[in-house]
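Residue numbers in the sequence shown follow this note's numbering, run continuously in steps of one, and reach 247 at the last position.
No residue lacks a Cβ here, since even glycine has one placed at the ideal position from N, Cα and C.
Here the structure is a predicted model, which means the values were calculated and not measured.
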Amino acid sequence: MEVREERSDAVALDGEWAAIRRTLNDYMERERIGVAALRQQIAAGTDRLPDDLTDQALLRFLAGREHAGNDIVALCTAFVEQAGQNDPVIALGDALAGFQQCDPDDDRRAAVCGAYEVTAHLAPIEGLPVKDPAVRYGAISFEAVPGRPYLRAVETTPDRSASKLREEAGQDHVFEGVALVQAHGVTAILRDMLTRRPKSYVLDRQAAARPGKFSGIVTSPAYDGRTGAGGVVLDVTLAEIKQD
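Structure representation (structure tokens):
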């Protein structure tokens, strides 16, 4: 019994460390900084000397190549908690989790984590035949947020916009936001990171015989550059992308 409890504690600890690693890697990507700059920010944010944490030790922890010492984990955890205070996704998640019902069970949230391919199912329009009713819409990922009862959501969709701002940016649409695991499945609230255009998903779990799959709707305003904005509602399915 003691051995099983020790194994369970070890698995839980590994999960917490993995979530911290993901958060730090996301932070570096969002802030466009490297390991050296992150080490400096961790030191400044935790009132430690920069030499208390080396680039090599931080890099090994971020890569998950070996277990880190308690000091490194404590510094990274403290920084993640502090950085969350200035993270708009954390602010949104804290507010939503206090406003709407969400599942407090860590295992059920963990079961949703992962990357998914999103397929849109287009309804035929009178006079405009649809050649292929199922088209690839994009990809979305859900990741745990340490110590929070919700998930961080990041979605990428191909650039189909006529927006001048988007055209100059020269990139696909990237959305960020929060996903709540709820009784029906998942609700996600997102924004375009470039324009802050809103988007939301309401997803139901598919049958237990088809794990890793969701179906539902996605809604977002669309701008055509001439007549203004109009609401777009699409039926979508999500299929988990298996990692090799």
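In the DSSP assignment, Pro91 falls within the unbroken alpha helix (DSSP H) covering 91-102. Runs of alpha helix (DSSP H) with 4 or more residues, each lying fully within the stretch 14-51, are found at 38-48, listed in chain order.
In this structure, Asp207 places its C-beta atom within 8 angstroms of the C-beta atom of Gly188. For Ala81, the closest alpha carbon among the candidates Gln209, Tyr140, Arg51 is that of Arg51. Between the alpha carbons of Phe217 and Val205 lies a gap of roughly 10 angstroms. Under the 8 angstroms Cβ criterion, the stretch 118-125 counts as touching the stretch 234-244, having at least three qualifying pairs.
With fewer than 16 other CB atoms across the displayed protein chains lying within 10 angstroms of its CB, Ile244 is exposed. By alpha-carbon distance to Val138, the top candidate from Leu154, Thr160, Ala147, Gly150 is Thr160. With respect to the 8 angstroms criterion, Arg112 and Leu154 are classified as neighbours on the basis of their beta carbons. Here Pro136 has His124, Leu125 as same chain residues with Cβ atoms under 7 angstroms from its own Cβ, once five neighbours each way along the sequence are excluded.
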